[in-house]
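Report on the structure given below.
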Amino acid sequence: MYQNLLEVQTIASNNYVAFTFFVGTMAMMAASVFFFFELSNVEKKWRTSVLVSGLITFIAAVHYYYMRGYNLETGQSPTFFRYVDWILTVPLMCVEFYLITKKAGAKIGLLWQLIIASLFMLITGYIGEVFYGNETQSWFWGLISGIAYFYIVYLIWFGEVAKLAGNAGPTVAKAVRVLAWFVLVGWAIYPIGYIAGTEGGLFGVRIFQGLSMDIVYNIGDAINKIGFGLVIYTLAQSDKSLVAA
Ligand SMILES: *C/C=C(C)/C=C/C=C(C)/C=C/C1=C(C)CCCC1(C)C
Numbered sequence: 117m118y119q120n121l122l123e124v125q126t127i128a129s130n131n132y133v134a135f136t137f138f139v140g141t142m143a144m145m146a147a148s149v150f151f152f153f154e155l156s157n158v159e160k161k162w163r164t165s166v167l168v169s170g171l172i173t174f175i176a177a178v179h180y181y182y183m184r185g186y187n188l189e190t191g192q193s194p195t196f197f198r199y200v201d202w203i204l205t206v207p208l209m210c211v212e213f214y215l216i217t218k219k220a221g222a223k224i225g226l227l228w229q230l231i232i233a234s235l236f237m238l239i240t241g242y243i244g245e246v247f248y249g250n251e252t253q254s255w256f257w258g259l260i261s262g263i264a265y266f267y268i269v270y271l272i273w274f275g276e277v278a279k280l281a282g283n284a285g286p287t288v289a290k291a292v293r294v295l296a297w298f299v300l301v302g303w304a305i306y307p308i309g310y311i312a313g314t315e316g317g318l319f320g321v322r323i324f325q326g327l328s329m330d331i332v333y334n335i336g337d338a339i340n341k342i343g344f345g346l347v348i349y350t351l352a353q354s355d356k357s358l359v360a361a
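For the sequence shown, the positions run 117 to 361 when our numbering is used.
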């Protein structure tokens, strides 16, 4: 208890990693409250999508609460909680793509393709961090994880998701386009964290080594989980105004 109080004083001055864990916890909580309360303000057909946005930030809020405590007490990266969080929330983001393209005919097989690719991306990343984090071979696991990542990018930008979005009307098409940018640019933040935090992340090329893996991941999560949810929320709102007009 007192130990924690002392730590709290320290993080106020120079512990930026702990700082981003605290801010991350609060931001995820606030975003969840927002999405849940706004459920009653969106058209019925968008409610499940906004609910899933809230679940994503809520699951993250709980994990951030634990990651914050773990990091404060041990000074280590909470790799286990981090990946449990991702393994739950990234497939839910795939569900979002499925839900918003479903009206244009998305099949459940597409959802499974996205989910399996994302699980492959995360499990190989986890192996790279946990078992090879201090070895040059970590590049190998980062590479195959990256291939799964690019497959997801392909599906969303040029594959099935893009095709369906094109047939789904201008509002959905626009939302999918913005979400596609999140996946291409926002998700690309994560490999930077991996390269910063593992020995051989980028084929042994030492860049980003001055960065903290946790700070990079925490920034990525804030942008991607909250931003993603806000895009869905905006879609739900703009669709409402179209109906009213
Ligand atoms: C809310 C959490 C999200 C959106 C997490 C996304 C995570 C990734 C896109 C991670 C990707 C990785 C690579 C592409 C290669 C290196 C290993 C990973 C797992 C960090």
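C-beta atoms are modelled at their ideal positions from N, C-alpha and C, and glycine is treated no differently. Since we're looking at a predicted model, the values are computed, not measured.
Assuming residue i and residue j make a contact with CB atoms under 8 angstroms, what is their CB distance in whole Å?
i      : j      : result
Val139 : Val168 : The Cβ separation is near 24 angstroms, so there is no contact.
Gly317 : Tyr310 : 5 angstroms
Thr195 : Glu245 : 6 angstroms
Val166 : Val158 : 5 angstroms
Ile272 : Phe213 : 7 angstroms
Leu230 : Trp202 : So it is not a contact: roughly 14 angstroms between Cβ atoms.
Leu204 : Ile232 : In fact, because the Cβ distance is near 15 angstroms, the residues do not count as touching under 8 angstroms.
Phe197 : Asn334 : Their Cβ separation, rounded to whole angstroms, is 12 angstroms, which puts Phe197 and Asn334 out of contact at 8 angstroms.
Within 10 angstroms of its Cβ, does residue i collect 16 or more other Cβ (buried), or is it exposed?
i      : result
Gly345 : buried
Ala360 : Confidence is the limiting factor: at Ala360 the pLDDT is only 48, short of 50, which leaves the residue's position unreliable and the question unanswerable from this model.
Trp362 : With the chain represented from 117 up to 361, any question about residue 362 goes unanswered, as that position is not in the structure.
Ser156 : exposed
Asn283 : exposed
Ile348 : buried
Ile224 : exposed
Tyr132 : exposed
Val332 : buried
Ala134 : buried
Thr190 : exposed
Ser193 : buried
Gly326 : exposed
Look up residue i in the DSSP assignment and say whether it is helix, strand or coil.
i      : result
Glu315 : coil
Val168 : helix
Asn334 : helix
Ala220 : coil
Ala296 : helix
Gln192 : coil
Val206 : helix
Val178 : helix
Gly340 : Contrary to the premise, residue 340 reads as Asn rather than Gly in this sequence. Helix at Asn340.
Ala352 : helix
Gly225 : helix
Ile323 : coil
Ala233 : helix
Asn250 : coil
Trp162 : helix
- Can you list, in chain order, the stretches of the alpha helix (DSSP H) that have 4 or more residues and sit fully within the stretch 125–160? The stretch 125–160 contains these whole alpha helix (DSSP H) runs: 132–154.
- Task: Note down, one range per segment and in chain order, each alpha helix (DSSP H) of at least 4 residues found wholly within the stretch 253–298.
- Result: For the stretch 253–298, the full-length alpha helix (DSSP H) segments reaching 4 residues or more read 254–273, 276–282, 286–297 along the chain.
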